[in-house]
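In full-length UniProt numbering, the protein residues as written are 1 to 464. All residues carry an ideal CB built from backbone N, CA and C; glycine is no exception.
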């Protein structure tokens with residue numbers, strides 16, 4: 001023990017069996033250098049390119065049930081999820097609420113009208129006012145179908161619209177299912193082209209539905225369609241992916257470059273030497289000729305099938321466990337839909353109906369086949385050409401990562417940070433002026449690739 005050295009271990013004054021650390025006056029008065037955070041020379045890199053708004057896509061009634069699921073955003077400990085099945089044949093939606101809680105308590109789902117695909121209605125700042133709220137106590141088996149009137153307990157509807165189907169409080173989870181018709185005289189009505197805002201709340205320790213919630217959260221990041229629609233989003237277009245015009249078709253031999261009928265010999269103008277050919281006018285001969293416009297589009301060729309294109313896009317989505325993904329058909333299908341939607345949103349002229357997707361193991365390997373026939377073949381050709389650019393690959397990868405992260409319940413399949421790598425695209429031309437043997441070779445290769453993709457899809461138990 002040395003009283004002159006800071007932080008010395010000396011015997012405790014009141015207990016000789018213990019040591020105590022002493023702080024001396026010399027240590028208290030010692031000079032110190034304040035901590036200064038280092039200045040990073042690298043600026044934060046955000047999304048590159050020009051942001052473009054992608055409009056919402058309305059849902060529609062389909063044969064069979066339309067299913068969906070979303071996490072309420074109340075944290076992994078609560079694990080509050082809402083799933084639904086929309087039955088257009090019976091004009092109803094079946095909801096299932098599930099949360100990691102046990103014993104007494106209640107949880108609730110609130111809905112606000114969010115407008116249509118063409119006319120968005122913003123989420124009200126006072127979240128509970130006017131909300132269509134269903135509260136359920138899984139332990140007591142009770143339900144209240146009400147309307148929010150502010151930050152107080154919801155008021156029960158004059159006529160109950162929702163029907164409680166079942167409740168369960170077991171194995172550390174609350175679970176409740178209820179059914180709701182599309183139409184409601186109070187609260188929110190459902191329509192195929194409509195969207196809703198969702199919010200969730202819960203209370204532990206009491207089954208009294210009039211008690212204040214312990215926590216609540218509004219899912220304000222995106223509107224939700226109960227009919228399979230897609231909410232609006234933002235994509236980023238790289239500057240190198242401008243809308244530069246494609247190659248201009250050359251006029252057919254022996255035709256005039258003007259829009260009207262012209263000389264048929266193709267050897268030059270038949271008018272006075274030095275005079276430029278002018279389009280045929282319907283007015284007097286003294287009227288000045290209009291300025292020449294852009295060359296007309298070439299007449300359709302008899303071999304129009306020569307422009308039909310198939311593009312094969314290969315990439316890898318990292319950070320997603322394929323085994324867990326393929327084990328959940330709902331997440332698996334939504335993952336493939338996210339790939340189709342990304343290609344359709346990013347590349348002009350490409351639609352989801354033109355894209356088929358096959359997934360396989362290795363993180364998640366994606367094989368997308370994009371088929372363009374007739375006028376849509378140019379879109380496929382331009383897409384493949386654009387994907388040769390590293391900047392376009394980066395911008396498209398960022399969009400795909402956003403779409404994958406937005407897949408409902410994708411978190412249970414994550415094994416790390418989601419990223420996209422190995423983007424590669426190859427285009428094939430079907431038909432055309434190639435020899436018959438060449439066409440047969442290309443078609444054989446393509447058919448073999450498509451057959452292999454279909455075999456993988458069948459093995460996974462889902463259509464490509």
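70 is the residue among 339, 378, 70 whose C-alpha sits nearest the C-alpha of residue 199. Sequence-distant Cβ neighbours of residue 148 in its own chain, meaning closer than 7 angstroms and more than five residues away, are 110, 128, 129, 130, 131, 133, 154.
A check of alpha carbon separations from residue 229 across 238, 217, 196, 207 identifies 196 as the nearest. Contact between residue 177 and residue 94 holds: their C-beta atoms lie close to 7 angstroms from each other, under 8 angstroms. Of all C-beta pairs linking the region 206-213 to the region 178-196, fewer than three are shorter than 8 angstroms, placing the two stretches out of contact.
Listed in chain order, the non-local C-beta contacts of residue 405 below 7 angstroms within the same chain comprise 418, local neighbours out to five positions each way being set aside. In this structure, the straight-line span from the alpha carbon of residue 137 to that of residue 412 is close to 26 angstroms. For the region 314-372, the continuous alpha helix (DSSP H) assignments of 4+ residues that do not extend past its boundaries occur at 322-326, 329-346, in sequence order.
Each residue's CA atom was taken as its position, placing residue 349 and residue 82 some 35 angstroms apart.
When the Cα atoms are used, residue 66 and residue 222 turn out to be separated by approximately 19 angstroms.
Taking C-alpha positions only, residue 117 is separated from residue 101 by approximately 36 angstroms.
For residue 211, the closest C-alpha among the options 135, 139, 182, 163 is that of 135.
Sequence-distant partners of residue 336 (beyond 5 residues in either direction) whose C-beta falls short of 7 angstroms from its own C-beta, in its chain, are 357, 359. About 6 angstroms separates the Cβ atoms of residue 398 and residue 236, confirming a contact at the 8 angstroms cut-off.
In the displayed model, residue 399 falls within a helix according to three-state DSSP. Annotation: residue 408 to residue 314 spans about 24 angstroms, alpha carbon to alpha carbon.
DSSP, read as helix, strand or coil, puts residue 71 in strand.
Scanning its chain for C-beta atoms nearer than 7 angstroms, with the 5 sequence neighbours on each side dropped, one finds around residue 381 the residues 309, 427, in chain order. The three-state reading of DSSP puts residue 81 in strand, counting E and B together. Scanning 123, 377, 96, 217 for the CA closest to the CA of residue 351 turns up 377. Across the set 122, 115, 125, 166, the C-alpha of 166 shows the shortest separation from the C-alpha of residue 140. For residue 425, the secondary structure class from DSSP, reduced to helix, strand or coil, is strand. Annotation for residue 386: the continuous alpha helix (DSSP H) segment containing it runs 377-386.
Looking at the DSSP output, residue 97 shares a beta bridge with 82, 176.
Judged by their CB atoms, residue 51 and residue 234 are nearer to each other than the 7 angstroms cut-off. When secondary structure is reduced to three states using DSSP, residue 394 falls in the helix class.
Taking residue 68 as reference, the option from 364, 332, 383 with the minimal CA-CA separation is 332. Rounded to the nearest whole angstrom, the CA to CA distance from residue 57 to residue 340 is 14 angstroms. Annotation for residue 112: the continuous beta strand (DSSP E) segment containing it runs 105-116. Straight through space, the alpha carbons of residue 123 and residue 180 are spaced by roughly 22 angstroms. In the structure shown, residue 131 falls within a coil segment according to DSSP collapsed to helix, strand and coil. Scanning 383, 321, 227 for the CA closest to the CA of residue 344 turns up 383.
In the DSSP assignment, residue 189 falls outside any beta strand (DSSP E), carrying neither H nor E. About 3 angstroms separates the CB atoms of residue 59 and residue 227; that is less than 8 angstroms, so the two are in contact. Taking residue 219 as reference, the option from 329, 159, 73, 98 with the minimal CA-CA separation is 73. Residue nearest to residue 162 within the set 184, 320, 172, 173 is 184 (criterion: CA-CA distance).
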